[in-house]
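Just so we're aligned, residue 18 is where the sequence shown starts under our numbering, counting upward by one. Beta carbons: idealized from backbone N, C-alpha and C, even for Gly. Since we're looking at a predicted model, the values are computed, not measured.
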Amino acid sequence: MFFASDNWAGAHPNIVAGLSAAAGGFATAYGDSALDQAVYQRFGEIFEREVAVFFVATGTAANSLSLTTFNKPGGISFAHRESHVIEDECGAPEYFSGGARLHAIDGALGKIDPHNLERTIGRFAPEIVHWGRPMAVSITQSTEVGTIYGLNEIEAISAIAKSHSVPLHMDGARFANALVALDTTPAEMTWKRGVDILSFGGTKNGCWCAEAIVLFDLDRAKELAFLRKRAAQLFSKSRFVAAQFEAYFKDGQWLDTARHANAMAARLAAAIEDSAHAKLAWLPQANEVFAVIKKTEADRLQAAGAAFYDWHKPHGFDGHMGEDELLYRFVTSFATTSEDVDRFGQLIAG
18 MFFASDNWAG
28 AHPNIVAGLS
38 AAAGGFATAY
48 GDSALDQAVY
58 QRFGEIFERE
68 VAVFFVATGT
78 AANSLSLTTF
88 NKPGGISFAH
98 RESHVIEDEC
108 GAPEYFSGGA
118 RLHAIDGALG
128 KIDPHNLERT
138 IGRFAPEIVH
148 WGRPMAVSIT
158 QSTEVGTIYG
168 LNEIEAISAI
178 AKSHSVPLHM
188 DGARFANALV
198 ALDTTPAEMT
208 WKRGVDILSF
218 GGTKNGCWCA
228 EAIVLFDLDR
238 AKELAFLRKR
248 AAQLFSKSRF
258 VAAQFEAYFK
268 DGQWLDTARH
278 ANAMAARLAA
288 AIEDSAHAKL
298 AWLPQANEVF
308 AVIKKTEADR
318 LQAAGAAFYD
328 WHKPHGFDGH
338 MGEDELLYRF
348 VTSFATTSED
358 VDRFGQLIAG
């Protein structure tokens, strides 16, 4: 009953097999092997256009370098108040950019409110040297609280960004989970809706260590190549990242694992809804489930072997919580089984 994080899950057997298959022999280093090139081409096929792909080690690196790609003196990036780039990256975006700022935007349940974005970004007139100037907008798909931006919502935020001449970045650590939930295509969820650069995550969805920056603005590719090298994110044996993505994409595995994780989250949410000891905080849209539980009950569940974390109340959550209750997060993955979920359901059913 491991619901603490999808980062706790291991690597999918097909990913392991792909790594093993790439382990022998010799291949050109630093992203120029035949396997690397084939995977870059595969990304282009998936996104239905030419893209520039840069492998990196972590989602933090992907997000930080994505924003740094559009860096400018006095630059300000706008992101949701509870986004990963603001709350969970220890200042890495500011560090890699050499001091660009992050400005928090409010919005209910993890999603930027377009009205708040327009009002806030409009305060920073780019010609006023004292204030700083807009540099980028970043959205998280799916969000830190398991909600998803609809295609029209992405387009609306992109329109605001473009009206202020700044690019739109998407933090896609759980990109596949959002994609299958919307039943759409990678192109429709990104560049066709105005996304300029994407942090494409594979690690949470069955890879061992595979993250990528997908750049749709090809004019920026040469600059990003230097930024990645300077940030110590250029792998010498990058074929091992390529091997993971090759296996990840083969026969639609990345979509199947995401569908499974989402289905397990829906199953878990149903068990919580039926429980006498927990209540669902809001309906999950991807693979994260949030529940309000008494602390003593949560302690009992954890003592019985369930792994999950308490969580802060997100902006816009108006559900009632007693003094003895806390909000808890549960995350499912490709490795979550229906038996895991049903066992937990039995524990909270009484």
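- Under the criterion of beta carbons closer than 8 Å, Ser50 and Arg346 do not qualify as touching, at roughly 39 Å.
- Taking all protein chains in view, the Cβ of Ile171 is crowded by 16 or more other Cβ atoms within 10 Å, so the residue is classified as buried.
- Distance from the CA of Ala26 to the CA of Asp234, rounded to the nearest whole angstrom, comes to 33 Å.
- Excluding its 5 nearest sequence neighbours in each direction, Leu343 has C-beta neighbours in its own chain below 6 Å: Lys312, Asp327, listed in chain order.
- In the displayed model, Ser83 falls within a helix according to three-state DSSP.
- In this structure, Gly211 sits near Ser175, with a CB-CB distance shorter than 7 Å.
- Boundaries of the alpha helix (DSSP H) around Arg317: 312-320.
- For Thr77, the three-state secondary structure derived from DSSP is helix.
- Assignment of Thr220 by DSSP, reduced to helix, strand and coil, places it in the helix class.
- In the structure shown, Trp25 adopts helical secondary structure according to DSSP, grouped into three states.
- Three or more Cβ pairs closer than 8 Å define a contact, and the region 56-67 falls short of that threshold against the region 123-135.
- In the DSSP annotation of this structure, the continuous segment of the beta strand (DSSP E) that includes Pro151 starts and ends at 150-157.
- The alpha carbon of Leu119 has as its nearest neighbour, out of Leu134, Ala278, Ala173, Ser94, the alpha carbon of Ser94.
- Trp225 carries a coil assignment under DSSP once its states are collapsed to helix, strand and coil.
- In this structure, the alpha-carbon of His186 lies about 29 Å from that of Met281.
- Going by C-alpha positions, Trp299 is about 12 Å away from His337.
- DSSP places His101 inside the alpha helix (DSSP H), whose first and last residues are 101-104.
- Collapsing the DSSP output to three states places Tyr326 in a strand.
- Taken through DSSP and simplified to helix, strand or coil, His332 comes out as coil.
- Under the three-state reduction of DSSP, Phe307 is assigned to strand.
- Judged by their CB atoms, Phe87 and Ala34 are not nearer to each other than the 7 Å cut-off.
- By the Cβ test, the region 138-151 is not in contact with the region 192-205, since fewer than three Cβ pairs between them sit closer than 8 Å.
- For Gly189, the uninterrupted beta strand (DSSP E) run begins and ends at 185-189, by DSSP.
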